[in-house]
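Protein chains in written order, with full-length UniProt numbering: chain A, 1 to 350; chain B, 1 to 350.
Shown next, in structure tokens, is the structure this report addresses.
2 protein chains.
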Amino acid sequence: MAGNSALDQPLLHQQPPEGAARRFRRCRTAPSSEPPPTDNSSAADAPPKTLFSGGRPSFRLVGLLLAAYLLLGSIAFYLAMDHMSGTRTSRALDALYFCVVTMTTVGYGDLVPASDAAKLLACAFVFAGVAVVGTFLSKAADYLVEKQEALLFRALHAHKQHQGHETRMMVRAMEMNKVRYKLYTAGLLLVVTLVSGTVVLWKVEGMRVVDAFYCVCATVTTLGYGDRSFSSEGGRAFAVAWITVSTVVVALFFLYAAELYTERRQRELARWVLRRRTTNMDLEAADLDGDRRVGAADFVLYKLKELGKISQEEISEFLDEFDKLDADHSGTLSPADLAAAQPTERSLYI
Amino acid sequence: MAGNSALDQPLLHQQPPEGAARRFRRCRTAPSSEPPPTDNSSAADAPPKTLFSGGRPSFRLVGLLLAAYLLLGSIAFYLAMDHMSGTRTSRALDALYFCVVTMTTVGYGDLVPASDAAKLLACAFVFAGVAVVGTFLSKAADYLVEKQEALLFRALHAHKQHQGHETRMMVRAMEMNKVRYKLYTAGLLLVVTLVSGTVVLWKVEGMRVVDAFYCVCATVTTLGYGDRSFSSEGGRAFAVAWITVSTVVVALFFLYAAELYTERRQRELARWVLRRRTTNMDLEAADLDGDRRVGAADFVLYKLKELGKISQEEISEFLDEFDKLDADHSGTLSPADLAAAQPTERSLYI
Chain A
1 MAGNSALDQP LLHQQPPEGA ARRFRRCRTA PSSEPPPTDN SSAADAPPKT LFSGGRPSFR
61 LVGLLLAAYL LLGSIAFYLA MDHMSGTRTS RALDALYFCV VTMTTVGYGD LVPASDAAKL
121 LACAFVFAGV AVVGTFLSKA ADYLVEKQEA LLFRALHAHK QHQGHETRMM VRAMEMNKVR
181 YKLYTAGLLL VVTLVSGTVV LWKVEGMRVV DAFYCVCATV TTLGYGDRSF SSEGGRAFAV
241 AWITVSTVVV ALFFLYAAEL YTERRQRELA RWVLRRRTTN MDLEAADLDG DRRVGAADFV
301 LYKLKELGKI SQEEISEFLD EFDKLDADHS GTLSPADLAA AQPTERSLYI
Chain B
1 MAGNSALDQP LLHQQPPEGA ARRFRRCRTA PSSEPPPTDN SSAADAPPKT LFSGGRPSFR
61 LVGLLLAAYL LLGSIAFYLA MDHMSGTRTS RALDALYFCV VTMTTVGYGD LVPASDAAKL
121 LACAFVFAGV AVVGTFLSKA ADYLVEKQEA LLFRALHAHK QHQGHETRMM VRAMEMNKVR
181 YKLYTAGLLL VVTLVSGTVV LWKVEGMRVV DAFYCVCATV TTLGYGDRSF SSEGGRAFAV
241 AWITVSTVVV ALFFLYAAEL YTERRQRELA RWVLRRRTTN MDLEAADLDG DRRVGAADFV
301 LYKLKELGKI SQEEISEFLD EFDKLDADHS GTLSPADLAA AQPTERSLYI
């Protein structure tokens, strides 16, 4: 089997984990009817570039967007600092601090725009900030998932000797714990940000411990009453990084908690769909190609549809494609069908 | 065909839209081999109750949760009002107002806890508030989608005369516009909340128009600097409802904008997967049951896997079930297989 090379392939097409791939032992015994084609890697067949990261802009791009926002915001509020009122330290730091407090929607109010122009500037920056932070958050979540999947693949590779059922059970156990592990990670980070924030507000800003904790809670949730905030130069320098990280960490924590809940429910539904008694009526409905035989693939498609994983629309689209490719209308695809249905020039497919 | 009754069925199992169902013309011509079984509706076969709304608690339940939070919060802060400092109107209204301002993380800071106990109470309520609002938001989004899907089904029903390709194209066009339409709806609601908030702050709170607009922007994004806020009794009574609605509307607007973007990207990917040249290597990989024949269902499953819609793990799970049901190991399921593999007592399946 393809074996080790699976690890070098991009995750985009959801290559099956090694162990799961072995499920198709029957398939593997079929002799290869031709050498691996190379046309698959031609430029015309490459998926659209922007899609390589799962349909969203890359993490680096979003990081750049965040940096651009902060740079632009800092410059804008630096220039507008004469139109701001409130607790002041150094002009550049205050501009960056106000930018972060606005972007994350913490909005303490310890530094506020005082002129109409500055107020409208803040309005523009808060809407843009919500979009930037939202994009960054979703990308950060994707990034963590990808990292974890790479780890999973590596772990599976290291345990190649466990084959068949055992490997499959292991994959499933690791998959199941993945969301829980993510939640634990976010929970740990949450504790770290809560403690570090409280300590800095206590030691650097000279707050009482309860006030420091209260200010931390009001900040990480983006509540930001503003009766307690960072007012010293050292505190604000810390706040700039800490607020950005902590608000994202809290959002991730809630996101993962929701994911864990949803996953459990879906597992329950999947178990029900799996264990439900299959009736003769199901057989008839599952007979996708009307040949009065329900093969393995027919059955799997029917169950996945019942599970709500795929829609009839999606199936129809690919069935149309199948009909186009099935040149001799035999109900199965053969290399001869492909050659007849797909002329060498790709002009038909652009 | 089942026809009209499709409208009466729950959406959970993703019943195909009427037009799409007609795609299986070949299947429809197969004579029914038995009367519709009734055992399918037995209690033992019903899906777990909590799952009927797609794996999340129902909208009504979440509404109750929100109401319970506000009631409990209002009582708590009513009792703690002597430990609060800031702009005051009537005690009960202030408690509810503070509760809403905390729950939505707007956090103006025009009314803040002054004692340690009140501060810790606020900390507890803001974390709970984030969870409640998040759940409410996700449920509100689901609810809107369900409403829209029901409309879609009804529209299709009304146009039953357009069959085959035409209906399919219509379904696809409506599906495609669904996200855009949701975004337009949220955008319209956004404008309504922005205007109504500005007018009330201008007329009731007596702010200048720019200040009113500035306060509205700072509120709907949950920024809440707090230099401008609702300080009159009439204003706060309005604010309680307006803040809850407007923050959810803005969040939905951003959510739908992200969904539209993701959907477009996924459509691009789907188009690529659909148009990609199918090679002999693909044929071999798509041969799920190793019978060296790639049927329609094999092809569809292979393409859906390539699209990342389903994972090998999910397929494996149902393949295992198929193997169990295929009593005579013929590679296809027959009523005889089902009878042999599923004894009448369900003891094996619990």
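Positions of the beta carbon are idealized from the N, C-alpha and C atoms, including for glycine.
Owing to the predicted nature of the structure, the values given are computational and were not obtained by experimental measurement.
Residue from the options whose Cα sits closest to the Cα of residue i
i: B:Val179; options: B:Leu194, B:Val191, B:Glu146; result: B:Glu146
i: B:Ala238; options: B:Phe253, B:Thr219, B:Gly197, B:Arg267; result: Per the sequence shown, the amino acid found at residue 238 of chain B is Phe instead of Ala. B:Phe238 has its Cα closest to that of B:Gly197, out of B:Phe253, B:Thr219, B:Gly197, B:Arg267.
i: A:Leu201; options: A:Gly187, A:Leu183, A:Gly235; result: A:Gly235
i: A:Thr279; options: B:Glu233, B:Glu268, B:Leu338, B:Leu260; result: B:Leu338
i: B:His83; options: B:Ala122, B:Tyr69, B:Tyr97, B:Thr104; result: B:Ala122
i: B:Gly308; options: B:Ala327, B:Val294, B:Leu288, B:Val273; result: B:Val273
i: B:Tyr261; options: B:Val130, B:Ala117, B:Lys182; result: B:Lys182
i: B:Thr102; options: B:Val210, B:Asp291, B:Leu223, B:Phe318; result: B:Leu223
i: B:Phe98; options: B:Val195, B:Leu189, B:Thr185, B:Ala241; result: B:Ala241
i: A:Ser115; options: B:Gly187, B:Asp227, B:Gln312; result: B:Asp227
i: B:Thr247; options: B:Gly107, B:Thr219, B:Gln266; result: B:Thr219
i: A:Arg267; options: A:Leu96, A:Glu205, A:Asp110, A:Asn177; result: A:Asn177
i: B:Phe299; options: A:Leu188, A:Phe299, A:Ser311, A:Glu321; result: A:Glu321
i: A:Arg277; options: A:Lys303, A:Arg264, A:Ile315; result: A:Lys303
i: B:Tyr214; options: A:Pro113, A:Ile310, A:Thr193; result: A:Pro113
i: A:Thr221; options: A:Lys203, A:Leu96, A:Val106, A:Ser311; result: A:Val106
i: residue 352 of chain B; options: B:Asp323, B:Val192, B:Asp94, B:Tyr143; result: Here chain B has residues from 1 to 350 only, and residue 352 of chain B is not among them.
i: B:Glu314; options: A:Leu269, A:Lys119, A:Leu96; result: A:Leu269
i: residue 378 of chain B; options: A:Glu263, A:Tyr143, A:Glu259, A:Ala297; result: Nothing in the structure corresponds to residue 378 of chain B, since chain B is present only between 1 and 350.
i: B:Phe59; options: B:Ala141, B:Pro343, B:Gln342; result: B:Ala141
i: B:Leu194; options: B:Ala212, B:Lys203, B:Arg208, B:Tyr184; result: B:Ala212
i: B:Arg275; options: A:Phe127, A:Gln342, A:Val216, A:Val126; result: A:Gln342
i: B:Lys139; options: B:Val191, B:Cys217, B:Leu64; result: B:Leu64
Spatial neighbours of residue i in its chain, beta-carbon cut-off 6 Å, leaving aside the 5 residues before and after
i: B:Thr50; result: Bear in mind that a pLDDT of 39 at B:Thr50, under 50, signals an unreliable position, so the model cannot answer this.
i: B:Phe136; result: Val62, Leu66
i: B:Ala251; result: Leu137
i: B:Thr332; result: none
i: A:Val294; result: Leu283, Ala286, Asp287
i: A:Tyr69; result: Val132
i: A:Pro36; result: Reliability of the predicted coordinates at A:Pro36 is poor, the pLDDT of 39 falling under 50, and the value obtained from them is presented with this limitation in mind. Once the five neighbours on either side are set aside, A:Pro36 has no close Cβ partner at all.
i: A:Ala186; result: Leu252, Phe253, Tyr256
i: A:Phe318; result: none
i: A:Gly3; result: Because the pLDDT of A:Gly3 is 36, which lies under 50, any placement of that residue in the model is unreliable, and the number read from its coordinates should be weighed accordingly. Excluding sequence neighbours, A:Gly3 sits near nothing in its chain.
i: B:Ala21; result: Confidence at B:Ala21 is low in this model, with a pLDDT of 35, below 50, so the placement of that residue should be treated as unreliable; the coordinate-derived value is given next. Contacts found: none.
Cβ shell of residue i (< 8 Å), same chain only, five flanking positions each side left out
i: B:Ala92; result: Ser74, Tyr78
i: B:Ser231; result: Thr87, Thr89, Asp110, Glu205
i: B:Leu301; result: Ala286, Leu288, Ile310, Ile315
i: A:Asp291; result: Gly331
Same chain, Cβ closer than 7 Å to residue i, neighbours up to 5 away in sequence not counted
i: B:Thr244; result: Val100, Thr104
i: A:Glu306; result: Val273
i: A:Ser334; result: none
i: B:Ala340; result: Ala327
i: B:Ala76; result: Leu121
i: A:Ala118; result: Ala80, His83, Met84
i: B:Tyr108; result: Val101, Gly224, Gly226, Ser229
Closer than 7 Å: residue i CB and nearest the ligand PLP heavy atom
i: B:Gln266; result: With respect to the ligand PLP, the structure shown offers nothing to examine, as it has no ligands at all.
Amino acids of chain D, ordered along the chain, whose beta-carbon sits closer than 8 Å to that of residue i
i: A:Lys147; result: In summary, chain D is missing from the structure at hand, where the protein chains are A and B.
Within the segment 64 to 104 of chain A, note down every full beta strand (DSSP E) run reaching 3 residues or more, in order along the chain.
84 to 86
What residues in the segment 125 to 136 of chain A bring their beta carbon closer than 7 Å to a beta carbon of chain B?
Val126, Phe127, Val130, Ala131, Gly134
Continuous alpha helix (DSSP H) assignments of at least 4 residues falling wholly in the UniProt domain "Potassium channel" (189 to 262) of chain A
209 to 220
Just by C-beta distance, which residues in the segment 214 to 243 of chain A are closer than 8 Å to chain B?
Tyr214, Cys217, Ala218, Thr221, Thr222, Leu223, Gly224, Tyr225, Gly226, Asp227
Quick one: which residues of the segment 309 to 337 of chain A get their C-beta closer than 7 Å to a C-beta of chain B? List them in chain order.
Lys309, Ile310, Ser311, Gln312, Glu313, Glu314, Ile315, Ser316, Glu317, Phe318, Leu319, Glu321, Phe322, Leu325, Gly331, Thr332, Leu333, Pro335
Give the residues from the segment 287 to 298 of chain A that approach chain B closer than 9 Å (Cβ to any Cβ), ordered along the chain.
Asp287, Leu288, Asp289, Gly290, Asp291, Arg292, Arg293, Val294, Gly295, Ala296, Ala297, Asp298
Using a Cβ-Cβ cutoff of 7 Å, what residues of the segment 178 to 206 of chain A are near chain B? List them in chain order.
none
Given a limit of 8 Å on CB to CB distance, which residues of the segment 57 to 84 of chain B reach chain A?
none
Minimum length 4: unbroken alpha helix (DSSP H) runs contained in the segment 254 to 312 of chain A:
280 to 286, 296 to 306
Compile a chain-ordered list of the residues in the segment 83 to 108 of chain A whose CB is closer than 7 Å to at least one CB of chain B.
Thr102, Thr105, Gly107
For a minimum of 4 consecutive residues, which ranges assigned as the alpha helix (DSSP H) are wholly contained in the segment 121 to 150 of chain A?
none
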